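The next block holds one structure in the form of structure tokens; read it before the comments.
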Amino acid sequence: MNAAADSQSGALERLRALARRLDAEKGFDDVLAGLRAGHAATLDGVRGSSCALVTASLAEHCPAALVVVCPHPADIDEFVDEMSLFTSRRVEKFPAWETLPSELVVRDEIYGDRMRLLKRLAAGVSGNPDTAAPSRELIVTSIQSLLQPVAPAQRLAERTRSIAVGRTIDAAELSRWLVQHGFENTGAVELPGEFSFRGGILDLFAPDWFDPVRVEFFGDDVESIRRFDLGTQRSIAPLESVDVTVLRPDEARGEHFTAYLPREAWILLVEPNELEEEGRHYLARLDKPDALFTVADTLQRLYRFPSVTASAISTTSLETTCHLRIESVERFSGDIGKVRGELETVAEGQETYVVCQTEAETQRLAEVFADTKPARAGKLRFVVGYLRSGFRLLHERTMLLSGNELFHRAEVRRPSRRRLGRVIDSFLDLREGDYVVHIAHGIGRYRGLRLLEKEDRAEEHLELEFDGATKIFVPASKTDLVQKYVGGAKSRPALARIGSQSWTKKKAAVQSAVLDMASDMLDLQAARSIRPGIAFPEETEWEREFNA
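Whatever position you read off the sequence shown (first residue = 1), add 740 for the numbering used here.
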């Protein structure tokens, strides 16, 4: 391990040790005792990103699952990223639908994420010794996620089949069962919710899996099962068995998420007042809110478990309360000429950690602040990670900052799951299997990059597949000829046939329609220009008084 990696590892271990020492804060032991006794508790003074630190500390003592409920769905990913600074434990996400269940499809990423966690929790609650589900889950979710119903555990079990090596399976019946519940039979598996059966080999990609599996049959007997990589088709790992759950999204409702939690689970509610407000606003925006749980019902179900609220501002409470001595950090000017002096003043006498997004940023900032007093005293450390907003732990004389705060940089937003069609700036915008539109040939499928030699010179080309397995190679220097496909329908588009006039006719029809629309707009504008206008009377004194 080199010196930089050793320094990074040491700084990360010190941050995680902070979580283990938080119970030394006055009143924190009382909160833990109350939770162990099944009571509610309150934590205030939880400012900035210190909520992730508090969560990591609670997780050390929680006997079962710890569920963190955030006010906004967008908070989930950021909170999970922050948690990696303070704990090495795996953190699960339970996201909210972005659309109605009736509009979801089996391959929807959020649908798969929700099902994956529910199956893990169901295995833990049932106490099935054959599963690898841990007994102490650490889950981050939002109030919107919990307002949305889930499938009852019994229905989930009924729609799950196990495929194991050595077992006899009727492959034809299995195929019918998959299609009946929303899976698509394709020539080659590329997306969740697809399967392909050919020559004694079943490729299957369930929505709650990260990778597809390949099942090889000898007659009707399962001979082998292995996970494989979509891009390379190479095996990743052999498996003895897999559980396949087929449940259409519109059927995945009827129960509340809390029904999957063990009785010993703890609940952490982040900014409870904001939680309630956001939950009500979310329901108010829906056309059919009756299909979801109410905010009051959801909170009532959560409060059946030992629960603790975390907020920045002190609130009056009859519950066990702990006032954490945590402060927000001062605002920096962002001017590199001034930040050095500001950091020296703010960090005087304190252990200071600067959280950077990349290793390169840690090296650069280490050079920038090398001559400051905290650096010379060995009290300035840099760590790679994510931190939304810094905070100061008074009892530890420790401060955490993010590189973005020092220089007023905007946060890097996560890309949307759905990307709009546009001219491709770079082949890095594409993933193998994406649908694209070639200006001259129509709709095809991107199959990756290929290095081709031409006139004693090698150049990368985009490999595009069209109908009939016909392939065209587009030089990387001419990516402007290719656009990402955007379709309004949920079904997959048909690939264009090279050499046919279909694409030419479609473009001609669209061009004709655009010309017709432009002509109609000109006629409409001409008609408007010759019509007399309407002159409204001037404002009266009453109108002026009303406006004032």
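By construction, the Cβ of each residue, glycine as well, lies at the ideal position given by its N, Cα and C atoms.
Nothing here was measured: the structure is a model prediction, and the numbers come from that model.
_Which of helix, strand or coil DSSP assigns to Tyr1310_ = Any property of residue 1310 remains undetermined from this structure, which presents the chain solely from 741 to 1288.
*Which residues share a DSSP beta bridge with Phe768?*
BP columns for Phe768 are empty, so no partner.
*Go to His1063, then tell me how far its beta strand (DSSP E) extends in each direction, as first and last residue.*
Thr1060 to His1063 is the span of the beta strand (DSSP E), which, as asked, contains His1063.
*Please say whether Val929 and Phe945 have beta carbons closer to each other than 8 Å?*
Taking 8 Å as the cut-off, the beta carbon of Phe945 is found closer than this to the beta carbon of Val929.
*Under the assumption that Arg1020 contacts Val1035 (Cβ atoms under 8 Å), give the Cβ distance between them as a whole number of angstroms.*
Cβ-Cβ separation between Arg1020 and Val1035: approximately 6 Å, consistent with a contact (criterion under 8 Å).
*Taking all protein chains shown into account, decide if Ile1053 is buried (16 or more other Cβ within 10 angstroms of its Cβ) or exposed.*
Counting C-beta atoms within 10 angstroms of its own C-beta, Ile1053 has fewer than 16 neighbours from the protein chains shown and is therefore classed as exposed.
*Status (buried if at least 16 other CB within 10 Å, exposed otherwise) for Arg1154*: Reliability of the predicted coordinates at Arg1154 is poor, the pLDDT of 48 falling under 50, and no value is obtained from them.
*Count the other CB atoms, across all protein chains shown, that sit within 10 Å of the CB of Gly933; report buried if there are 16 or more and exposed otherwise.*
Taking all protein chains in view, the Cβ of Gly933 is crowded by 16 or more other Cβ atoms within 10 Å, so the residue is classified as buried.
*asked:* Spatial neighbours of Phe997 within its chain, please: C-beta separation below 6 Å, excluding the five flanking residues on both sides.
replied: Take Phe997, set aside five residues on each side of it, and the residues of its chain with a beta-carbon closer than 6 Å to its own are Leu886 and Val890, in chain order.
*State buried or exposed for Ser797, treating a residue as buried only when at least 16 other CB atoms are found within 10 Å of its CB.*
It is buried - the Cβ of Ser797 has at least 16 other Cβ atoms within 10 Å.
*Expressed to the nearest angstrom, what Euclidean distance is found between the alpha-carbon atoms of Pro1012 and His1063?*
Rounded to the nearest angstrom, the two C-alpha atoms are 16 Å apart.
_Asp817, enclosing alpha helix (DSSP H) - first and last residue_ = Counting along the chain, the alpha helix (DSSP H) containing Asp817 begins and ends at Asp815 to Phe826.
_Among Thr881, Ala1117 and Glu1004, nearest to Ala1015 - alpha-carbon criterion_ = Reading the sequence as shown, one finds Leu at residue 1015 and not Ala. Closest by alpha carbon: Thr881.
_Proximity of Tyr1093 and Leu1146 at Cβ, strictly below 8 Å_ = Pairing Tyr1093 with Leu1146 gives a Cβ-Cβ distance that is not under 8 Å.
*Cβ of Glu1172 within 8 Å of Cβ of Gly1188?*
Closer than 8 Å, so yes.
*Under a three-way DSSP split, which group does Pro983 fall into?*
Before going on, a small fix: residue 983 reads as Asp here, not Pro. Taken through DSSP and simplified to helix, strand or coil, Asp983 comes out as strand.
*Any heavy atom of the ligand NAD closer than 7 Å to the Cβ of Arg916?*
Ligands displayed in this structure: none; no statement on the ligand NAD is therefore possible.
*Smallest Cα separation from Ala792: which of Phe1286, His1201, Ser1129 and Ala1266?*
Checking every option, the nearest Cα to that of Ala792 belongs to Ser1129.
*In the structure shown, what three-state DSSP assignment does Ala773 receive?*
For Ala773, the secondary structure class from DSSP, reduced to helix, strand or coil, is helix.
*DSSP puts Tyr1175 in a beta bridge; with which residues?*
Tyr1175 is bridged to Arg1185.
*Could you have a look at Val955 and say whether DSSP puts it in helix, strand or coil?*
The three-state secondary structure of Val955, taken from DSSP, is strand.
*Which value, in whole angstroms, describes the spacing of the CA atoms of Ile1066 and Glu1017?*
Rounded to whole angstroms, Ile1066 to Glu1017 spans 25 Å at the Cα level.
*Kindly list the residues whose CB is nearer than 6 Å to the CB of Ser975, restricted to its own chain and excluding five residues on each side of it in sequence; keep chain order.*
Cβ-Cβ distances below 6 Å link Ser975 to Arg966 and Phe968 in the same chain, with the five nearest sequence neighbours on each side left out; the list follows chain order.
_Buried or exposed (CB count within 10 angstroms, at least 16 for buried), Leu857_ = That one is buried.
_Given 8 Å, three or more beta-carbon pairs between the region 987 to 1002 and the region 778 to 787_ = No: the two stretches stay apart, fewer than three of their Cβ pairs being nearer than 8 Å.
*Answer with buried or exposed for Arg760, where buried requires no fewer than 16 other C-beta atoms within 10 angstroms of its C-beta.*
It counts as exposed.
*asked:* Assuming contact is defined by CB atoms lying nearer than 8 Å, are Ser1142 and Leu1127 in contact in what I supplied?
replied: With contacts defined by Cβ atoms closer than 8 Å, Ser1142 and Leu1127 form a contacting pair.
_Under the three-state DSSP convention, the category Leu1160 falls into_ = In this prediction, Leu1160 scores a pLDDT of 33, lower than 50, which makes its location untrustworthy; the coordinate-derived value is nonetheless stated afterwards. It is coil, neither helix nor strand.
*Where does His1201 sit, in a helix, a strand or coil, going by DSSP?*
In the three-state DSSP reduction, His1201 falls in the strand class (E or B).
*How should Val984 be labelled, buried or exposed, when 16 other C-beta atoms within 10 angstroms of its C-beta is the threshold for buried?*
Result: buried.
*Among Leu861, Val982 and His921, the one whose alpha carbon lies nearest that of Arg907*: Measuring C-alpha to C-alpha distances from Arg907 to each of Leu861, Val982 and His921 identifies Val982 as the nearest.
*On the three-state DSSP scale, how would you describe Ile1270?*
DSSP places Ile1270 in helix when its eight states are reduced to three.
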